[in-house]
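Protein chains in written order, with the working numbering: chain A, 1 to 375; chain B, 1001 to 1375.
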């Protein structure tokens, strides 16, 4: 019975049908058989595909040149600009997938939250959810509103799909329900997530309502990105590592699962989090075709724990890219050795590239992964 | 052969000898048989002992009143003041141990580092170790220098021991080699530990020399605190959770182990870290009579992994204390249920009390732990 399978298995079952080719609107043969897409499906590959979180980012001079002319939100909202930095980075680095330049917080604007990227401070939300009564202010969005309000993301995906090499898959993405809720409750970044957890602990009803609204919006948003031309999607649960396993199970898992279950079949979902060493089995339960984790777990142990029937992504410490190239190469080899050439490993960092990273080192890493992983 | 035991077992063996009573200079019968000391030795107790990291801290009005009249470093360096806040908090909360008011960074001053607590910024080190050549600037300190330079800590311990209830043990402490090195390299707090890891990865020789110097100073410092009247000591490896298991094993474990091995026998060592879910077995290998961890691991699973022959400390999320008292009590019960009344559990938070915490909730927690854990 399909109902008895976990979401990953249920989606995998669906992926075996014709839906596997129809999910992504722009899925050509070249894309379907690309190394990255094959690895997502745990099919054999000639070498381990690699891409890097924040590969289009501040560490790259060409990005800083564009950024100097626009605010961060302007870059996100001008499809040509977002597309330019996406395509440039992917082609320059020689990676096996591109990820659309955007921000996980864009979706909260149509939900009625007032978002600003203040200079040097990161994101600020001027009307955060501080208490139960505020949850009702968070708007339930419909598909047409997502398309209207975030049309610039879909436009950027369309342009990027046209400009990218025809065999280079494009990843769409969103923040996970917990990570988005943490921004919505704290009004920005946070160290201890006090407001978020206080709502969770003191009013579970309001908390679940907030996460349900976020989750429905996220599913619509991911499917719109797929319709616009993304071949895969990633859910970033960047801050979920602040939770105990019990809290994750009770307050977060059902919501992340509902997002993943509602993504069109045939489109691989990458489910990524940091600091998730004690949550891996639960993250697997929430679902995803590819599970991503950081450098604080050993890739081989983590893969064993989530199950060999799932693809995995990771897991080099981004700080390793600040060391000399010899060290970076040795670390790449160590991780590839742990993966033992098994099908279904996508090489990546354990979190985004740091702004201080030399571009040359990043290119060396991509080359090292390709070379050292030749089958 | 003692040499084949791990450090914890070797220390435990030593603890069975007469040294068990002689280690701590001020060990009276009342202290030796206190609930906290019995739990450190995994002996039976009438209820689970509890104390809380940062129990003398900003969340408490009486602390803020004292702090308003002194800088943070002044508070540390005036033994009467440090003692006053230590004793007041322990008696007010009704906890089962006091911990001396001090800072893990005090020891770096005699090592030649220029420490300041800048307003609102936390610690700043004006002459950090940025590269291999800087390591030679870090001075090797001798026992007499520790006593001369940090005599105020030892004085505070002597006064506190005199003022505390006679059956209330006093804990001395230090930062662990890695956590101290991270401050010394970064010049303060850090998000990504780039300078620290760069030194580690690019010049392992310089790194090990730095950690060896720190470790020798720490052992002298802990033993001086014991001589002054501390009944137990805690090693705080607060930031070690940024490391992969392989990096911990290679760059950190031998140094932490050498500190612990050099603490006088008969004095329990609490070895604490946060974000250590993937490091627990290695932390056990480094040693300690009591291992402390945060809320992101389940107490029962963590205890199983480190071995039932070790005492454990933990592990309530400090943010839980910002929720209502009903939630706090339920969480205390959940953790006590996981411990199953086994000997060798010391209740604590998974990290320090947050400044926003209501004192009344903290007192309720202490009462709940005592009441719910009655044997």
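Each residue gets a CB set at the ideal place from its N, CA and C atoms; glycine is no exception.
Because the structure is a prediction, the values reported are computed rather than measured.
### Message
Suppose the cutoff is 7 Å on Cβ atoms and the five residues either side in sequence are ignored; what does the same chain contact list for residue 1295 of chain B look like?
### Response
1315, 1316, 1317, 1350
### Task
Using only alpha-carbon positions, find the residue among A/80, A/260, A/82, A/72 that is nearest to residue 120 of chain A.
A/72
### Message
Using C-beta distances below 6 Å, list every residue in its chain close to residue 360 of chain A, excluding the 5 sequence neighbours before and after it, in chain order.
### Response
none
### Query
Which residue comes first and which comes last in the alpha helix (DSSP H) that contains residue 225 of chain A?
204-228
### Message
Which residues in chain B have a C-beta closer than 9 Å to the C-beta of residue 354 of chain A? List them in chain order.
### Response
1192, 1194
### Query
So which residues of chain A does residue 1295 of chain B contact, with C-beta pairs closer than 7 Å?
244
### Message
Using 8 Å as the threshold, is the C-beta distance between residue 1311 of chain B and residue 1365 of chain B below it?
### Response
no
#### Entry: For residue 369 of chain A and residue 1173 of chain B, the rounded distance between their alpha carbons
44 Å
### Query
Do residue 198 of chain A and residue 1330 of chain B have their CB atoms nearer than 8 Å?
no
### Query
Does the beta-carbon distance from residue 105 of chain A to residue 55 of chain A come in below 8 Å?
no
### Task
Verify the CB distance criterion: does residue 1115 of chain B have a CB-CB separation below 8 Å to chain A?
no
### Query
What number of angstroms, rounded off, separates the C-alpha of residue 233 of chain A from the C-alpha of residue 1189 of chain B?
35 Å
### Task
Report the residues of the segment 298-321 of chain A with a CB closer than 7 Å to any CB of chain B, ordered along the chain.
298, 317, 319, 320
### Task
In angstroms with no decimal places, state the Cα-to-Cα distance between residue 1243 of chain B and residue 212 of chain A.
35 Å
### Query
Hey, is residue 1059 of chain B's beta-carbon within less than 8 Å of any beta-carbon in chain A?
no
### Message
Using CA atoms only, rank isn't needed, just tell me which of A/247, A/250, A/239 is closest to residue 271 of chain A.
### Response
A/239
### Query
Where do the ends of the alpha helix (DSSP H) carrying residue 260 of chain A lie?
253-261
### 8 Å contact criterion, which residue 163 of chain A and residue 83 of chain A should meet: CB distance rounded
6 Å
### Task
Find the residues of chain B that neighbour residue 275 of chain A, judging by a C-beta separation of less than 9 Å, and give them in chain order.
1241, 1275, 1277, 1296
### Message
Rounded to whole angstroms, what is the Cα-Cα separation between residue 130 of chain A and residue 113 of chain A?
### Response
12 Å
### Query
Exposed or buried, which one is residue 48 of chain A when buried takes at least 16 other CB atoms within 10 Å?
buried
### Euclidean distance between Cα positions of residue 168 of chain A and residue 63 of chain A
20 Å
### Query
Looking at residue 1262 of chain B and residue 1051 of chain B, is the spacing between their C-beta atoms short of 8 Å?
no
### Query
residue 366 of chain A by DSSP, collapsed to three states: which one?
helix
### Task
Give a single yes or no on whether residue 1226 of chain B has its beta carbon closer than 7 Å to a heavy atom of the ligand SAM.
The ligand SAM is not among the ligands present in this structure, which contains no ligands whatsoever.
### Task
Could you check the C-alpha separation between residue 1235 of chain B and residue 275 of chain A for me, to the nearest Å?
23 Å
### Task
Alpha carbon to alpha carbon, how far is residue 1363 of chain B from residue 260 of chain A? Give it in angstroms, no decimals.
43 Å
### Query
Expressed to the nearest angstrom, what Euclidean distance is found between the alpha-carbon atoms of residue 1345 of chain B and residue 1284 of chain B?
16 Å
### Message
Cutting at 7 Å between CB atoms, please list the residues of its own chain near residue 158 of chain A, excluding the five before and the five after it.
### Response
228, 229
#### Entry: Residue span of the beta strand (DSSP E) that contains residue 116 of chain A, given as start and end
115-118
### Task
Give the interface partners of residue 198 of chain A over in chain B, defined as CB-CB distance under 7 Å, in chain order.
1322, 1323
#### Entry: Start and end residues, alpha helix (DSSP H) containing residue 1151 of chain B
1151-1163
### Task
Kindly indicate which three-state DSSP category residue 241 of chain A falls into: helix, strand or coil?
helix
### Message
Checking the sheet assignment: what are the DSSP bridge partners for residue 1171 of chain B?
### Response
B/1099, B/1232
### Query
Which same chain residues, not among the five before or five after residue 1026 of chain B, have their C-beta less than 6 Å away from its C-beta?
1161, 1229
### Task
For residue 186 of chain A, count neighbouring C-beta atoms within 10 Å of its own C-beta (all shown protein chains included) and say buried if the count is 16 or more, exposed if not.
buried
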